[in-house]
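**Student:** Residue 296 in the working numbering sits at position 274 of the sequence shown, and the numbers go up by one each step.
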Amino acid sequence: MEPTKRQHWIRLAGFALVLALVSLLATWIGLSGSWVADDWHMVDNYLYADWAELGAVFKRNAAYYLFTDDKVGPYRPVTMLTLLATHLLAPAAWLHHAVSWVLHALTAFMLFVVLRQQLSRDDDASTRLVDAVSALFAGLFFLHPVHVESYVWINGRSDLLGGFWLVALAFLLNREGNGSSRRIGSELVIGLVAFLGASSKLPFAIAAAAVWLAWAVRDRSPVRGIYGAIIAFGVGAHVVLRLVFAPFRGQLGTSDDILLDTGVWLALPRLSAQAIASLMALRAEAMQSLSWVLFGPWSFYDWVGLIVIAFALFGLVRRRDWPGLIYSIGAFLTLAPVAVVSRSFWMGFDRYIYMPSILLFLAVVPYVLHGFVRGTRGHTLTIAALWLSLLVVAAIQTHHASKAYASQDTYDVALLRDHPDDPTTHYYLARAADRAGDMEGLKERLSAMPPPPWPRPIIVPTYELAAKVSDIPRAHQAIDALVASQNDGVPCAKVQHQLEIWRGRAPDEATTDALTATLAGLSCEP
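1. Expressed to the nearest angstrom, what Euclidean distance is found between the alpha-carbon atoms of Met549 and Val435?
2. Give the DSSP-derived three-state secondary structure of Ser294 in the structure shown.
3. Less than 8 Å between the C-beta atoms of Ala308 and Ala154, yes or no?
4. Taking only the alpha-carbon atoms, compute the straight-line gap between Trp57 and Arg439 and give it to the nearest angstrom.
5. Along the chain, where does the alpha helix (DSSP H) containing Leu158 start, and where does it finish?
6. Rounded to the nearest angstrom, how far is the Cβ of Pro99 from that of Thr420, given a contact under 8 Å?
7. Give the secondary structure of Ser202 by DSSP, where H, G and I count as helix, E and B as strand, and everything else as coil.
8. When you compare the region 440-460 with the region 60-77, are there three or more beta-carbon pairs, one atom per stretch, that lie closer than 8 Å?
9. In the DSSP assignment, what residue or residues form a beta bridge with Met369?
10. Per the contact definition of three or more C-beta pairs closer than 8 Å, is the region 211-218 in contact with the region 130-150?
11. Can you give me the C-alpha to C-alpha distance between Val124 and Leu46, rounded to a whole angstrom?
12. When you compare only the Cα positions, how much space is there between Ile375 and Ser469?
13. Which residue marks the beginning of the alpha helix (DSSP H) containing Asp241, and which one marks its end?
14. Report yes if the C-beta distance between Ser507 and Arg478 is below 8 Å; otherwise report no.
15. Pull up the CB-CB distance for His176 and Asp61, whole angstroms please, since I reckon it's below 8 Å.
16. Using a threshold of 8 Å, state whether the C-beta atoms of Val4 and Thr104 are closer than that.
17. With a threshold of 16 other CB atoms inside 10 Å of the CB of Ile523, please say whether the residue is buried or exposed.
18. Whole alpha helix (DSSP H) runs in the region 311-389 with 4 or more residues, listed along the chain?
19. Less than 8 Å between C-beta atoms, sequence neighbours within five positions excluded: which residues of the same chain meet that for Trp50?
20. Within 10 Å of its beta-carbon, does Gln296 have 16 or more other beta-carbons around it, so buried, or fewer, so exposed?
21. CB-CB under 6 Å to Ala238, same chain, minus the five flanking residues each way: which ones, in chain order?
22. Leaving out five residues on either side along the sequence, give the residues of the same chain with a beta carbon under 7 Å from the beta carbon of Ala107.
23. Between the alpha carbons of Ile298 and Val136, how many angstroms are there, rounded?
24. Pair every Cβ in the region 343-351 with every Cβ in the region 379-390, then say whether three or more of these pairs are closer than 8 Å.
25. Considering only residues of the region 488-514, which uninterrupted alpha helix (DSSP H) runs meet the minimum length of 4 residues and lie entirely inside it, listed in chain order?
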């Protein structure tokens, strides 16, 4: 290797080492922490102590491993395999955290390689510049605070694994499209990666389709059809297993058929806008509730995100940048299935941006490279300084976000700090107090809960908690919230049935009278 090339790679290795150290310092408070939220399902769970379960994960959905009566859950056998295997080796939070951080670091490194593969096609850019831009983008991905929920929180593993397999797939396809000869076993490896990715998290299939289509349009490889079929076969193998062992019939949370719930799908523009806003603002929030976020008032950041999306898509079409357009649309479609959990009590949003952010980075990076190529030396230095400043801000924000996952107490404090006006947060804490037998804590959390409107998934359980501690004002608010849920698509007959159930076991005469009056005011058509 020539001395100049050796120095170049030494600089890149040094930059990577600095990023790794900064990441560890920024996230150490969370990585060295304990179990948080859903992580507690792994503690003292006999299923996580049985080696035989490693072979059984492909026959069960993820909810099987939770201490809950609701067995409707996602089918993610590869994700569960990594969680169980890690726990069997050492039933302690530190090893789970170590595995997650290493996976995130490997994903960032492979993203650097993929970006380098993609940018090397630009004849106007030197190899050093391509490597520098790729390293800056991969570094921003590595340190971005929005990814903290995916790798500092143990149960963010599915999105983390999905992103890992996605960049692996992009690497394999780019390698075939770089003029190299067709390698023995390439079809098998690509099919296996597609299967493992879909078995980590099914929306991977959408992201994988975007990666393949963008590669096929850009490189026009003669094997693009073969590899597309192989990817489809790998994903299809997962779908067949899901249909056999964990069929999903559409019932989720408060929706009888989530797939036909138009209110959910109409929220997709806002879902995409929030993702873009979070990525641009370098901000992370502790476990947002989609049932509240998607159906509450639009924020300033939401509108900014939507405007950015509109201008970006228009610009890509105008420039006829079809790979960039495919990556962008693929990112939003990969995020789309997340909307279904908005009809259930489901915490967290940032982790769902992990795979879409990879696609968006692939779409944006060529334009940043062009900015370096066409700019003067002064402009280049300015852009580089700005990018390094973004890395510093990202590291600071990542450290701030990681504090939430140091312990259950810090997690609870972060929820109230980030979402003081979200009734879902107060319901979560009230439910936790109830499960701990802390009736005073339950009363305190209910009394702090903002008045309706409330998200549909928490209306009925909030009434049950209020009735349990004779919080009559809060119980009456739940009654009003249930009636108002008809405006959100809940059938009148369903509301009537629930009110009749409540009337049959009302905690006091005043509540009985209130329920009777409410029922009398309903006019449900037969």
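Backbone N, C-alpha and C fix where the C-beta goes; we use that ideal spot for every residue, glycine too.
**Tutor:** This is what the structure holds:
1. The question about residue 549 has no answer here: the residues shown for the chain are numbered 23 through 548.
2. On the sequence shown, residue 294 is found 272 positions in, with the first residue counted as 1. Looking at Ser294 - three-state DSSP - the assignment turns out to be helix.
3. Reading the sequence shown from its first residue, position 286 is the one you call residue 308. Reading the sequence shown from its first residue, position 132 is the one you call residue 154. Taking 8 Å as the Cβ cut-off, Ala308 and Ala154 do not qualify as a contacting pair.
4. What you label residue 57 is simply residue 35 of the sequence shown in a count that begins at 1. What you label residue 439 is simply residue 417 of the sequence shown in a count that begins at 1. One alpha carbon belongs to Trp57, the other to Arg439, and they sit about 20 Å apart.
5. For the purposes of this step, residue 158 is taken as the residue at position 136 of the sequence shown. Annotation for Leu158: the continuous alpha helix (DSSP H) segment containing it runs Thr149 to Leu165.
6. Numbered from 1 along the sequence shown, position 77 holds the residue referred to as residue 99. Numbered from 1 along the sequence shown, position 398 holds the residue referred to as residue 420. No, Pro99 and Thr420 are not in contact; Cβ-Cβ is about 30 Å, not under 8 Å.
7. In the sequence shown, residue 202 corresponds to position 180, counting from 1. With a pLDDT of 48 at Ser202, under the threshold of 50, the predicted position of this residue should be treated as unreliable, though the coordinate-derived value follows. Three-state DSSP puts Ser202 in coil, outside helix and strand.
8. Too few Cβ pairs lie closer than 8 Å, so no.
9. Position 347 of the sequence shown, counted from the start, is the residue given in the question as residue 369. In the DSSP output, where bridge partners are listed per residue, Met369 has Ser311.
10. Cβ pair count under 8 Å is below three, so no.
11. The residue given as residue 124 occupies position 102 in the sequence shown. The residue given as residue 46 occupies position 24 in the sequence shown. Those two C-alpha atoms are separated by around 11 Å.
12. Locating residue 375 in the sequence shown gives position 353, counting from the first residue. Locating residue 469 in the sequence shown gives position 447, counting from the first residue. For Ile375 and Ser469, the distance between alpha carbons rounds to 34 Å.
13. Here the question's residue 241 lines up with position 219 in the sequence shown. From DSSP, the alpha helix (DSSP H) with Asp241 extends over Phe226 to Asp241.
14. Counted from its first residue, the sequence shown places residue 507 at position 485. Counted from its first residue, the sequence shown places residue 478 at position 456. For Ser507 and Arg478, yes; Cβs fall inside 8 Å.
15. Walking along the sequence shown from the start, residue 176 turns up at place 154. Walking along the sequence shown from the start, residue 61 turns up at place 39. In the sequence on display, residue 176 carries Ile and not His. The pair is a contact, with the Cβ atoms about 5 Å apart (cut-off 8 Å).
16. Residue 4 is absent from the structure shown; the chain starts at 23 and stops at 548.
17. Within the sequence shown, numbered from 1, the residue matching residue 523 stands at position 501. With fewer than 16 Cβ atoms within 10 Å of its Cβ, Ile523 is classed as exposed.
18. Whole alpha helix (DSSP H) segments, 4+ residues: 312-315, 322-340 and 344-357.
19. Counting from one through the sequence shown, the residue named residue 50 turns up at place 28. Counting only Cβ-Cβ distances below 8 Å, and skipping sequence neighbours, we find Ser424.
20. As a working note, residue 296 is residue 274 in the sequence shown. Looking at its Cβ environment, which holds 16 or more other Cβ atoms inside 10 Å, Gln296 is buried.
21. Numbered from its first residue, the sequence shown carries residue 238 at position 216. So the qualifying residues of the chain are Arg246.
22. Along the sequence shown, read from residue 1 onward, the residue named residue 107 stands at position 85. Within the same chain, and ignoring the five residues on either side of Ala107 in sequence, the residues whose Cβ sits closer than 7 Å to its Cβ are Leu76.
23. As a first step, residue 298 is located in the sequence shown; it is residue number 276 there, counting from the start. As a first step, residue 136 is located in the sequence shown; it is residue number 114 there, counting from the start. If I take the Cα positions, the gap works out to 22 Å.
24. Segment contact: the region 343-351 against the region 379-390, three or more CB-CB distances shorter than 8 Å; contact assigned.
25. Within the region 488-514, complete alpha helix (DSSP H) segments of at least 4 residues are found at 494-506, given in chain order.
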